[in-house]
DNA sequence: TTGTATGCGTTATCAA
DNA sequence: TTGATAACGCATACAA
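Chains as they are written, first to last, in my numbering: chain A, 913 to 1257; chain B, 913 to 1257.
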């Protein structure tokens, strides 16, 4: 591979002139500029990014750290962000933490050591230690999806309270009273927010929250299936389930199918986040969807601003995306028999 | 950040001694080794990967280039590969080519310029120019999924001919005669292989291949839906559809649902590749699945070998994964009326 | 407008 | 066993 020295030799100028000419970072006479250009072209020269990075102290790499790379939500986010970033000459390094805080930390340390220009992080930990650690990261950082309270960095996420509140209200208005919430990973920010939206809506409609009907499915399909099973086999089973994410909703739906319970005739179901291939799943599930595209665009936008204006200090920003309701056929009034029973008591 | 010089100063030795002590790349007396270690620890020193890479001529980065990062097949592949690679101290840079050959080429050039240690590529082009270009890439390269004929590099993929042959045979044995093939992107290796498996099986069972029943859905869900529609509204519609991938099968299923056509009572359906959330889709689709895990493991294994034994020349290897059949409820004998009609003619 | 020289942080060669 | 020094390839402050 040709180096800057080869170009200098061929153009009969010094290396600094080549650098100035090619980067436009200084005054170069048109004639030498052309000579340099031609020499560079003839040799197929392009600067070694490694040497540039060593000099500059940072690479043109962006780190993206999420819990699970294969999760369709993050896969889509990666897709959108990567396209945007590559157009700005930035490459994306992805790593999955598996939801493990230590692993998350180790990955971030590796990325910082690699001198990445910025990090997009969906953090799975908000312990004081993790906050301290993240605070110590001097690389531009944007948090997505999961907010870490007490950490003053850019955040892009959706209104999780609103999302579950919307869905809860829908089933309440249909006449449901025994409503279950299939929650996410306990302690995780989004999971707690969604739980809160469920609880507050129940209360504001004068319904009592049965804590036994709030089960965590860990945002996982299999766990969602198991927990839904547990709910559905109860003699006093709920007549509606508000699932905190898409894959748990699918797990719940599968549990119903396996038990011969009809949706929505017997039990209604709602979900947060779009369901992959939701259109071919019967019944179509009523859900509160957050725009992944908007999330990805916003997060990369924040990051690019910080990278390009590293000199000016920008106050941490927050972009909360409002979920939109997509109505399916998975919700109906509670079955007569049950409703009668409840009304009677 | 502490540099090697800081460590040298603190341990009162030269930088070369620090390098030797820390890397174990030369003879160092136990006492100085300990002093260096302690100094390094006290300063929280770790070598700057950028400087190491500049010296070594290559980074500890692996490039992964696929058509679509959000495609569940590739997302899963990325997930598995990334975990394996990070355990070997390698980070993964991902980029989506969008199936565009020029973009694919540009991405690979960027990765090579970045001095990545290796590239995992699912190429969407096998033109002579692309082959020449890929041949010129001096970085360890492993092809996955799509084989590029005439390029002597490691390849990991599945037996695509067998996959579609299996599915075609299943519907033939159920008595179907008018069988459609919802094919992938014309010209793409896997798509052509799958088409071939369909054709040869039809022929070997003495059935005529109606070219009008082979439609390309471009491996895309929407296109698959449209093409399935086209097939299903025909008065002489096929009684079975063999889809060349999962998302097109889902598109076809959706088309059937929208048209009020029952699956499998009216039309049978099969698919290559696992369907995401296939368990909650009614009916469960009969499919030939390839193990993405095996593919990812094998590909990273090949790559790691080449990277770790860059000195010895290894002949290009091929790992063909045998798809396994997963039987669902999407296949049944053709409807009586139609069968009678056909038998009569 | 152009050239010289230095540093970015390592590793490796060669002396000592 | 240890140390001085030259690369790796580039950018830039300073000189000319």
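Heads up, the beta-carbon is just placed ideally off N, CA and C, and yes, glycines get one too.
Remember, it's a predicted structure, so these values are computed and weren't measured experimentally.
- Within chain B, the residues whose beta carbon sits less than 8 angstroms from that of residue 1008(A) are 991, 994 and 995, listed in sequence order.
- Contact between the stretch 1232-1244 of chain B and the stretch 1189-1199 of chain B is established, with three or more Cβ pairs separated by less than 8 angstroms.
- Of the candidates 991(A), 1030(A), 1031(A) and 1036(A), 1036(A) places its Cα closest to the Cα of residue 1012(A).
- Chain-ordered, the chain A residues with CB closer than 8 angstroms to the CB of residue 988(B) read 982.
- Taking a Cβ-Cβ threshold of 8 angstroms, none of the residues of chain B is close to residue 1103(A); the smallest such distance is about 21 angstroms.
- Interface annotation, residue 1244(B): not in contact with chain A, CB-CB separation never under 7 angstroms.
- With respect to residue 1056(A), residue 1211(A) sits close: the two C-beta atoms are nearer than 7 angstroms.
- With contacts defined as CB atoms closer than 7 angstroms, residue 1083(B) and residue 1243(B) qualify as a contacting pair.
- The distance from the Cβ of residue 978(B) to that of residue 986(B) is about 4 angstroms, consistent with a contact at the 8 angstroms cut-off.
- From the beta-carbon of residue 1027(A), the residues of chain B found nearer than 9 angstroms are 960, 961 and 962.
- In this structure, DSSP gives residue 931(B) a helical state, which the three-state scheme calls helix.
- With at least 16 other beta carbons inside 10 angstroms of its own, residue 983(A) counts as buried.
- Take residue 1168(A), set aside five residues on each side of it, and the residues of its chain with a beta-carbon closer than 7 angstroms to its own are 1144, 1175 and 1179, in chain order.
- Residue 1072(A) counts as buried, since no fewer than 16 other beta carbons sit within 10 angstroms of its beta carbon.
- Proximity of the stretch 990-1008 of chain B to the stretch 990-998 of chain A meets the contact definition, three or more beta-carbon pairs being nearer than 8 angstroms.
- Contact between the stretch 1148-1160 of chain A and the stretch 1088-1095 of chain A is established, with three or more Cβ pairs separated by less than 8 angstroms.
- Taking the C-beta atoms as reference points, residue 1228(A) is found no nearer than 7 angstroms to residue 1044(A).
- Inclusion of residue 933(B) and residue 926(B) in the CB contact set at 7 angstroms is not warranted, their separation being larger than that value.
- Annotation: Cβ neighbours of residue 1169(A) in chain B (cutoff 8 angstroms, chain order): 1192 and 1194.
- Among the residues of chain B, none has a CB under 8 angstroms from the CB of residue 1032(A); the nearest is roughly 13 angstroms distant.
- In this model, residue 1129(A) and residue 1136(A) are separated by some 4 angstroms (Cα to Cα).
- For residue 976(A), the three-state secondary structure derived from DSSP is strand.
- Annotation for residue 1023(A): 975, 1005 and 1031 place their beta carbon closer than 7 angstroms to its own, counting only its chain and skipping 5 residues before and after.
- By the Cβ neighbour-count rule, residue 961(B) is buried, with 16 or more other Cβ atoms within 10 Å of its own.
- Setting aside the 5 residues that flank it on each side, residue 1152(A) is surrounded in the same chain by 1083, 1088, 1091 and 1180, each with a C-beta closer than 6 angstroms to its C-beta; the list follows chain order.
- Ranked by how close their Cα comes to the Cα of residue 1096(B), the residues 913(B), 939(B), 1185(B) and 1062(B) have 1185(B) in first place.
- Boundaries of the beta strand (DSSP E) harbouring residue 1198(B): 1198-1201, taken from the DSSP string.
- For residue 1124(B) and residue 1020(A), the gap between their C-alpha atoms comes out near 54 angstroms.
- Separation of residue 1105(A) and residue 1034(A) (C-alpha to C-alpha, rounded to the nearest whole angstrom) is 16 angstroms.
- One alpha carbon belongs to residue 1086(B), the other to residue 1161(B), and they sit about 19 angstroms apart.
- Under the DSSP assignment, residue 1138(A) falls outside any beta strand (DSSP E), being part of the alpha helix (DSSP H) whose first and last residues are 1133-1144.
- Here residue 1024(A) carries a helix assignment [DSSP, helix/strand/coil].
- For the C-beta of residue 1022(A), the chain B residues within less than 9 angstroms are, from N- to C-terminus, 961, 998, 1001 and 1003.
- According to the DSSP secondary-structure assignment, residue 1093(A) is paired through a beta bridge with 1126(A) and 1154(A).
- Relative to the Cα of residue 913(B), the nearest Cα in the group 1122(B), 959(B), 1140(B) and 1141(B) belongs to 959(B).
- One Cα belongs to residue 1133(B), the other to residue 1158(B), and the distance between them is close to 8 angstroms.
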